[in-house]
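Q: I'd like to ask you about the structure that follows.
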Amino acid sequence: MTNSTTKSTQIRRYKASLAKVFPTRLRGSLSEYQNCVFGISLGSKNFVERERIEACIKWISKNFQTCLVLVCDSIYRLTIEVRQGMQEEEAWLEAMRSGEEFIKENYALFEQYSESCRFKFMMASEIAKQSDFKIYYEELQSLYQKNESFQRIVNSFAQKYLNRGEQLETEPVDELRQHLGITLAITYLLEESALIAYLVNEGWLVSVYPGSIKTFEEISEGLHPEVPEPLKQMIWVSLRLRK
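246 is the number that our numbering gives the last residue of the sequence shown; the numbers go up by one with no jumps.
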């Protein structure tokens, strides 16, 4: 192996470490929890680059006995609509395909660490069919309409979500598309929140994610007591990825 190849390999190697736990009072007792959810944000760089994914898997395998890998295919359709301008039905099909492709490409990687942690996959689109998910989603929609505090944090997320997309745009976004983008971004967060509420209610309290999502950090810290009961029980674990 040449020196240049060796350097290239070292540059691409990532290590995951614990950045933050919410609520913060549970940081010292996180080891008491044996199960976690690892949410896969399709299209995000942390879930496209194999080395980043493996760093997360390795950390999870050292800290949990069972991990539910939630492939967020259904909400990825919204990202596709915003970023690629696809129609809803076409975006849905592309999102389903992307979810299946993620599992196909990375299943063996999860299997490498299966001796220390049992990984099982679930598609968000399957959860979205459940009646409890629909109840949580409708509750969150109503909360967004009525509660100013919750509305502010959702709108803040929506703007950040769109700003990430605008960095990829080569042409200015017209006002109509901008308005549609905000609506889709709000839907994205409300659906993601309903997914988490559903899983917490099923006993999956801990969510592990590489990076920071302020909305869920604040909810876990108890700053939004108006949210559905399961979300108030959520434990949010933020990982830091470094080379």
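For each residue, glycine too, the CB sits at the ideal point set by N, CA and C.
#1: Compare the Cα-Cα distances from S44 to each of V211, L234, R243 and report the closest residue.
#2: Looking at C-alpha atoms only, which residue of K246, L244, P228, G206 is the closest neighbour of V40?
#3: Which residue or residues does DSSP assign as beta-bridge partners of F122?
#4: Does DSSP classify N150 as helix, strand or coil?
#5: Quick one: Cα of V176 to Cα of G88, how far?
#6: Roughly how many whole angstroms lie between the Cα atoms of F93 and R100?
#7: Have a look at A22, K18, R16, Y17 and flag the residue whose alpha-carbon is nearest the alpha-carbon of G214.
#8: In its own chain, which residues sit with a C-beta less than 8 angstroms from the C-beta of K123, not counting the 5 before and 5 after it?
#9: Are N158 and E229 touching if we call contact CB-CB under 8 angstroms?
#10: Applying the criterion that 16 or more other CB atoms from any shown protein chain within 10 Å of the CB defines a buried residue, is L226 buried or exposed?
#11: According to DSSP, is W239 helix, strand or coil?
#12: Would you check if the stretch 78-85 and the stretch 133-142 touch, i.e. whether three or more CB-CB distances between them fall below 8 angstroms?
#13: Cα separation between T173 and N166?
#14: What does a CB cutoff of less than 7 angstroms around R30 pick up in its chain, not counting 5 residues either side in sequence?
#15: Can you tell me the Cα-Cα spacing of S119 and K65, whole angstroms?
A: This is what the structure gives:
#1: Comparing Cα-Cα distances from S44 to each of V211, L234, R243, the minimum goes to V211.
#2: For V40, the nearest C-alpha among the options comes from G206.
#3: Looking at the DSSP assignment, F122 forms a beta bridge with C70.
#4: In the three-state DSSP reduction, N150 falls in the coil class, being neither helix nor strand.
#5: Unreliable positioning characterises V176 in this predicted model, as indicated by a pLDDT of 47, which lies under 50. A coordinate reading is not provided.
#6: Per the sequence shown, the amino acid found at residue 93 is Glu instead of Phe. If you draw a straight line from the Cα of E93 to the Cα of R100, it is about 11 angstroms long.
#7: Among A22, K18, R16, Y17, the Cα nearest to that of G214 belongs to A22.
#8: Result list for K123: T69, C70, L71, V72, in chain order.
#9: No, Cβ-Cβ distance for N158 and E229 is not below 8 angstroms.
#10: Here L226 is exposed: its Cβ has fewer than 16 other Cβ atoms, across all protein chains shown, within 10 Å.
#11: The answer is strand: DSSP assigns W239 an E or B state.
#12: Too few Cβ pairs lie closer than 8 angstroms, so no.
#13: With a pLDDT of 38 at T173, under the threshold of 50, the modelled position of this residue cannot be trusted; read the value that follows with caution. Those two C-alpha atoms are separated by around 13 angstroms.
#14: Exclusion of the five residues before and after R30 leaves V24 as the residues of its chain whose Cβ lies within less than 7 angstroms of its Cβ.
#15: A straight line joining the alpha-carbon of S119 with that of K65 spans about 7 angstroms.
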